[in-house]
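Remarks on the structure that follows.
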Amino acid sequence: MNQILKLLILASFLFTSCKTSFSKKDTQKGMSTETVNNTTNLTLAAVERFNAAFNRHDVDAVMNAMTEDCIFENTNPQPDGTRLVGAEAVRAYWGKFFANNPDAFFEAEETFAHDDRCVVRWIYRKTKDGKPWHLRGVDIFKVRNGKVAEKLAYVKG
12 MNQILKLLIL
22 ASFLFTSCKT
32 SFSKKDTQKG
42 MSTETVNNTT
52 NLTLAAVERF
62 NAAFNRHDVD
72 AVMNAMTEDC
82 IFENTNPQPD
92 GTRLVGAEAV
102 RAYWGKFFAN
112 NPDAFFEAEE
122 TFAHDDRCVV
132 RWIYRKTKDG
142 KPWHLRGVDI
152 FKVRNGKVAE
162 KLAYVKG
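Per the working numbering, the sequence shown starts with residue 12, numbered consecutively.
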């Protein structure tokens, strides 16, 4: 429950930040509106590269979009999922995931970003037991130097 509360607070912060594009906190850090907007644009581009590579099932491109010390928190098993740390562990996960889910497709419904943080509300679609199946959720990304450093995944119900 604590993680869900944190997620809601972060999403609320990002939504508010997206509306204003610039906060008092950024001013206190000495960041200009242009710096914040440039960082936000780089964050959005990094997440978009990651998502496109995911939908191509291109493990090499997914890993090229992530840092060497990346962190990925999966949604399974419940209640807290699995935490994978480092490119080697994350690469192994994606390879197995794509092999086991050949028609997996991630549809971004809405994206919020501010500075090095991004929240994506998504629908994940695939075939399960021969029938169309989907799951809805949210990913929280942290981007560093134009690459995904963290991808934390949460699902509805």
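Think of the CB as a built atom: it goes at the ideal place given N, C-alpha and C, for glycine as much as any other residue. Fair warning: this is a prediction, and the values are worked out from it, not measured in the lab.
With DSSP as the reference, please indicate the residues paired to residue i in a beta bridge.
i, result
"L146", "Y135"
"T122", "V131"
"R94", "E84"
"F108", "None, per the DSSP bridge assignment."
Just verifying my parser: in three-state terms, what is the DSSP assignment at residue i?
i, result
"G157", "coil"
"A115", "coil"
"T50", "helix"
"D69", "coil"
"A57", "helix"
"A164", "strand"
"K35", "Here K35 scores only 41 on pLDDT, less than 50, and its place in the model should not be relied on; the value that follows carries that caveat. Three-state DSSP puts K35 in a helix."
For chain B, find out if any of its Cβ atoms is closer than 7 angstroms to the Cβ of residue i; answer yes or no.
i, result
"F109", "Given the protein chain composition of this structure (a single chain), no chain B is represented."
Based on Cα-Cα distance, which residue from the options lies nearest to residue i?
i, options, result
"V131", "L55, W105, F109", "L55"
"R155", "T78, D71, V73, A64", "T78"
"F109", "A164, N62, G157, H68", "H68"
"W133", "E59, N75, D150", "D150"
"W144", "C129, A64, D114, N87", "D114"
"L163", "E120, N52, D91, A64", "D91"
"R102", "G148, G141, A119, I82", "I82"
"F65", "K142, K107, F123", "K107"
"G148", "A100, D140, A63, T122", "T122"
"A63", "F116, N112, P88, G141", "F116"
"G168", "T86, D140, K137, K139", "T86"
Among residues of its own chain, excluding the 5 on either side of residue i, which ones have a beta-carbon nearer than 7 angstroms to its beta-carbon?
i, result
"D127", "T50, T54, K153, V154, R155"
"L146", "Y135, V166"
"K158", "A57, A76, M77, T78"
"A119", "N62, V131, W133"
Which residues in the same chain have their Cβ closer than 6 angstroms to the Cβ of residue i, if we skip the five residues on either side of it in sequence?
i, result
"W105", "V70, V73"
"R94", "E84"
"A124", "T51, T54, L55"
"C129", "T54, V58, F152"
Could you pull out every residue in the same chain whose Cβ sits closer than 8 angstroms to the Cβ of residue i, ignoring the five residues on either side in sequence?
i, result
"R80", "According to the sequence as given, residue 80 is Asp; it is not Arg. So the qualifying residues of the chain are V96, G97, A98, A160."
"T138", "D114, W144"
"N112", "K137"
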